[in-house]
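Have a look at the structure below before the remarks.
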Amino acid sequence: MTDIQTHEHDVVVIGAGGAGLRAAIEARAQGGRVALVCKSLLGKAHTVMAEGGAAAALGTVIQQDNTRVHFRDTMRGGKMHNNWRMAQIHAEEAPDRIRELEAWGALFDRTADGRINQRPFGGHTYERLAHVGDRTGLEMIRVLQDKAVHSGVDVFMECTVIKMPVASGHAAGALAYFRETGRFVLFAAKAVVLATGGIGKAWQITSNSWEYTGDGHFLAYDAGAELIDMEFVQFHPTGMVWPPSVRGILVTEGVRGEGGVLRNAAGERFMFRYIPAMFKGDFAETEPEADAWASGDRMKNRRPPELLTRDVVAKAIVKEIQEGRGSPHGGVFLDIASKRPADFIQRKLPSMYHQFKELAGVDITKEPMEIGPTTHYVMGGVKVDAETQMSTLPGLFAAGELAGGMHGANRLGGNSLSDLLVFGRRAGLHAARFAQQHGRPPAVPEEDVGAATQAVLAPFERTGGENPFAVQQALQALMQAHAGIVRDQTGLERALPELDKLRRRAARVSVSGSREYNPGWHTAIDLWSQLTVSEMTVRAALERRESRGAHTRGDYPDQDDAQARIQIVLKRDGERMTVRREAQPEIPPDLLKMIKEGA
Ligand SMILES: Cc1cc2nc3c(=O)[nH]c(=O)nc-3n(C[C@H](O)[C@H](O)[C@H](O)COP(=O)(O)OP(=O)(O)OC[C@H]3O[C@@H](n4cnc5c(N)ncnc54)[C@H](O)[C@@H]3O)c2cc1C
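Heads up, the sequence shown is in our numbering, so the first residue is 30 and it goes up one at a time.
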């Protein structure tokens with residue numbers, strides 16, 4: 030280990046998106062030394078891509094909104110599978126976190142009387158998303174990054190963590206390499222916060238960037254922590270479908286929030302036919318009522334069915350396409366041009382306007398967009414304690430998209446950005462407290478470091494092996510085909526031996542060139558995370574024999590209420606992935622009544 034650079038901190042935070050930054054700020058505020066390690070440049074995390082906004086019951090637009098309604102919407106959106114305590118904490122603390130962000134310098138869009146403006150989004154009863162046009166994530170990252178740097182957090186950029194060593198039964202830090210030089214670095218720490226985001230790059234059609242290879246899920250699993258809910262992968266209803274080079278890029282739900290409607294090839298506004306029993310009575314049943322709501326008459330009319338939860342809208346779109354009512358390139362139409370004036374669209378949705386103009390040659394102020402579902406978000410992740418965000422491995426905390434439980438079987442749009450702030454803060458706080466209670470960082474076993482560095486350097490030792498990108502593409506095709514929006518036992522069972530084959534192929538890839546900025550080598554390393562998270566999704570999806578939220582089984586099309594509170598828990602046992610079912614704590618009767626009958 031003598032040639033490996035070593036740093037010692039109280040807390041090391043892995044990931045510099047909204048969750049990691051907020052955790053680092055809080056841990057630093059407790060007085061300890063904090064390292065923030067990220068795979069890309071600071072400011073380039075996934076959070077920066079977030080468009081529509083952050084959900085918090087501020088009640089600035091509709092005064093009736095409150096944290097109980099937000100909690101209820103989140104539980105109903107998550108199909109009652111959520112960790113109810115996380116959903117409650119989230120709803121209660123989100124308004125303070127948004128106001129805090131504003132106090133730190135975030136410039137949200139304003140109402141006419143100068144308060145934070147809020148826009149409607151799918152599954153939210155009232156206008157609830159604080160936003161900055163359709164570039165909310167950019168503003169959030171800008172503010173958090175400034176705050177973290179000025180708080181004295183030590184930042185290590187373009188530094189990819191490959192292993193989280195465990196010593197004396199505790200998380201003991203992180204082993205990483207710098208992408209620029211390929212050199213290894215060890216962060217010894219008393220507590221670790223993981224905040225590495227999602228897994229969507231394991232599918233072919235995705236809104237996610239190159240970074241979403243599920244590294245944190247793999248690192249936690251490898252270190253011995255439990256993961257939950259990995260069958261719940263969200264397919265966002267609206268991704269671009271044409272031209273092929275941009276397929277999957279997100280079209281924000283903000284388009285529907287600002288009045289956009291969905292139509293099939295016959296021009297029919299089909300969502301009126303897809304209102305599920307759970308939401309009957311909450312949504313407009315005719316076009317005139319939906320249009321009256323969209324024009325601003327919100328208290329007398331119900332919301333348009335385009336604002337149903339994402340799982341419902343995505344499945345409706347798939348059905349329209351399957352039944353032959355799709356658009357020319359295999360999607361359906363999203364139309365805001367016929368509903369809003371051009372200057373409004375350009376002001377409220379500037380990124381969407383440019384995205385379609387530049388990438389597809391479509392002027393969304395004049396023509397409809399062609400859209401279809403795209404892999405977007407993973408509800409599953411590291412199992413954490415609702416109050417502290419500590420995982421089942423002592424000293425390891427998790428927050429953001431990587432942590433499981435909060436969103437249940439389906440996440441509501443806007444609830445991720447507020448989740449990052451609420452639980453990022455809690456993870457940082459409790460990691461710092463954990464560090465204060467423990468003396469020096471536990472000594473990292475030298476043999477673990479040696480074995481890990483040797484394993485990641487192995488592709489350089491081999492010659493004539495396969496290209497890592499070929500294996501990655503084969504994996505994406507496999508997951509798209511067998512673990513996509515609708516799955517069944519036959520397809521999932523077929524995927525398991527195929528994943529084994531891909532593992533064997535991944536073990537034989539070779540790379541050439543040096544260790545400096547070598548994308549082939551980086552992909553060879555990422556493959557291990559991608560293969561592991563893919564296996565998690567396939568095994569958990571096989572185990573859940575019902576359809577719930579984002580998990581749709583063609584062979585078990587109905588929701589089975591007996592399974593609502595059953596969680597699929599995954600854990601490593603040597604080389605084997607174990608799968609078990611566990612009942613979650615019951616929702617307290619007063620809250621259950623409120624969710625069922627109204628807040
Ligand atoms: C296009 C798009 C639009 C969205 N719009 C919204 C929205 O409007 N509202 C909303 O609520 N949600 C939205 N989401 C979802 C939301 O943006 C994400 O869920 C959220 O930003 C995740 O934040 P995070 O902090 O968990 O992870 P990220 O922001 O992705 O950060 C992950 C960090 O981990 C680092 N990392 C990863 N692996 C490693 C490793 N091995 N070693 C070191 N560092 C590592 C990365 O470099 C990065 O810094 C959107 C998502 C997309 C893709």
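All C-beta atoms in this analysis are idealised placements derived from N, C-alpha and C, irrespective of residue type, glycine included.
If you check the CB distance, Ile-595 and Ala-570 do not come in under 9 Å. For Gln-518, the three-state secondary structure derived from DSSP is helix. Linking Met-104 to Gly-310 through their CA atoms gives a straight-line distance of about 18 Å.
Segment contact: the stretch 460-479 against the stretch 183-191, fewer than three CB-CB distances shorter than 8 Å; contact not assigned.
Excluding sequence positions up to five before and after Lys-368, its CB lies within less than 6 Å of the CB of Gly-288, all in the same chain and listed in chain order. Sequence-distant partners of Ile-374 (beyond 5 residues in either direction) whose C-beta falls short of 7 Å from its own C-beta, in its chain, are Ile-365, Tyr-382, Ile-393, Thr-394. If the five residues before and after Val-515 are omitted, its C-beta is found closer than 6 Å to the C-beta atoms of Thr-581, Gly-583, all from its own chain and listed in chain order. Not one heavy atom of ligand 1 falls within 8 Å of the beta-carbon of Ile-234.
Distance check between Ser-539 and each of Leu-486, Asp-602, Arg-574 places Leu-486 closest, using alpha-carbon atoms only.
In the same chain as Ala-48, and ignoring 5 residues on each side of it, the C-beta atoms closer than 6 Å to its own belong to Ala-224, Ala-428, Gly-429, Leu-449, Gly-453, in chain order. Taking a 10 Å sphere around the C-beta of Thr-519, we find fewer than 16 other C-beta atoms and assign the residue as exposed.
In the structure shown, Ala-306 adopts helical secondary structure according to DSSP, grouped into three states. Straight across, the Cα-Cα distance linking Gly-143 with Val-90 is about 11 Å.
Burial is judged here by how many other beta carbons sit within 10 angstroms of a residue's own beta carbon; Pro-266 has at least 16 and is buried.
In the three-state scheme derived from DSSP, where H, G and I count as helix and E and B as strand, Gly-401 is classed as strand.
Set against 8 Å, the gap from the CB of Ile-400 to the closest heavy atom of ligand 1 is not smaller. When distances are taken from the beta-carbon of Ile-191 to the heavy atoms of ligand 1, the shortest one is below 8 Å. Taking 8 Å as the cut-off, one finds no heavy atom of ligand 1 near enough to the beta carbon of Ile-54.
DSSP assignment within the stretch 310-367 yields the following whole beta strand (DSSP E) runs of 3 residues or more, N-terminal first: 361-364.
Rounded to whole angstroms, the separation of the alpha carbons of Pro-617 and Leu-279 is 37 Å. If the five residues before and after Ile-304 are omitted, its C-beta is found closer than 6 Å to the C-beta atoms of Phe-312, Pro-334, all from its own chain and listed in chain order.
In this model, Met-435 and Arg-97 are separated by some 15 Å (Cα to Cα). In the same chain as Gly-60, and ignoring 5 residues on each side of it, the C-beta atoms closer than 8 Å to its own belong to Ala-461, in chain order.
Between Gly-355 and Gly-390, the C-beta gap is not smaller than 9 Å, which leaves the two residues out of contact. Counting along the chain, Arg-601 sits inside no alpha helix (DSSP H); it lies in the beta strand (DSSP E) bounded by residues 595-602. Taking 9 Å as the cut-off, the beta carbon of Gly-578 is found closer than this to the beta carbon of Gly-437. Residue environment: Ser-576 is assigned as buried (16 or more neighbouring CB atoms within 10 Å of its CB, all protein chains considered). Annotated as distal: Ala-456 and Ala-201, with beta-carbon spacing of 9 Å or more. Of the heavy atoms belonging to ligand 1, none sits nearer than 8 Å to the Cβ of Lys-230. As a beta-bridge residue in DSSP terms, Val-407 pairs with Val-262. In this structure the stretch 334-347 does not touch the stretch 159-178; the number of beta carbon pairs closer than 8 Å is below three. Excluding the 5 residues flanking it on each side, Arg-302 has no same chain C-beta neighbour closer than 6 Å.
When DSSP assignments are scanned along the stretch 417-448, the uninterrupted stretches of beta strand (DSSP E) that are 3 or more residues long and fall wholly within it turn out to be 425-427. Here Asp-244 is buried, its C-beta having at least 16 other C-beta atoms within 10 Å. As computed with DSSP, Ala-218 is found in a beta bridge with His-38.
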